[in-house]
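Only one structure is covered here, and it is reproduced in the block below.
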Amino acid sequence: MTYLLDTDILSNLFRRSPSPSVLRRIALTPVDEQATSSINLGELYYGARRLAAGGDELVERINSTLLPNLRVFHFDLSAARVYGELRAGLERAGTPIGDADTRIAAIALAQDLTVVTANTRHFARVPALTVENWKE
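Here the working numbering runs 49 ahead of the position in the sequence shown, where the first position is 1.
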């Protein structure tokens, strides 16, 4: 099983006091089963660049500690096809989620990944998506 770590889980790792439950699950999960998406990385870089101070340092920490150890899935043609169907279906059902989360879900569905997030409210709306909350 491969886990796609959502932005809230990844950003938690860079906090002064990361969640003990997240740290425990990261430590217990083999590195080759941990992944993220280019969408999540974009959100991390955006968050770092919004900081008034320490943004450059955070970007360097992302580049030096996260990227070498984490497989990155990209929004490719398979994900694009899933995205179109997924977004239209969620809108028809009156349960849309944000564009970034829809893209992340599409990548996860296209690659058969489990999304790890504390944002279960949004991702629970996505049919057939497996979601775990490692903050619990």
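For glycine and all other residues, C-beta sits at the position ideal for the given N, C-alpha and C. Predicted model only: the values in this text are computed from it and were never measured.
Cβ-Cβ distance between residue i and residue j below 9 Å
i: Leu115; j: Leu62; result: yes
i: Ala155; j: Thr179; result: no
i: Glu92; j: Met50; result: no
Nearest-angstrom beta carbon gap, residue j and residue i [assumed within contact, 8 Å]
i: Leu59; j: Asn89; result: 6 Å
i: His171; j: Asp150; result: 5 Å
i: Val121; j: Ser86; result: 7 Å
i: Trp183; j: Val71; result: 5 Å
i: Ile111; j: Ala97; result: 7 Å
i: Ser127; j: Ala159; result: 4 Å
Length of the line joining the Cα atoms of residue i and residue j
i: Asp125; j: Ala177; result: 19 Å
i: Thr144; j: Glu181; result: 20 Å
i: Ser66; j: Ser113; result: 20 Å
i: Ser68; j: Ile153; result: 23 Å
i: Val175; j: Arg74; result: 24 Å
i: Thr169; j: Tyr95; result: 22 Å
i: Asp161; j: Ala173; result: 16 Å
i: Ile15; j: Leu77; result: One cannot answer for residue 15 here, as it falls past the ends of the chain, which runs 50 to 185.
i: Gly142; j: Ala129; result: For the sequence presented, residue 142 should be read as Ala rather than Gly. Near 20 Å, if we compare the C-alpha coordinates of Ala129 and Ala142.
Task: Contact between the segment 52-60 and the segment 159-168 (3+ Cβ pairs under 8 Å) - done: yes
- [ ] Could you tell me whether the segment 95-106 touches the segment 127-147, where touching means 3 or more Cβ pairs closer than 8 Å?
- [x] no
Open item on the list: At 4 residues or longer, what runs of the alpha helix (DSSP H) sit wholly inside the segment 85-171?
Closed with: 87-99, 104-110, 126-141 and 148-160
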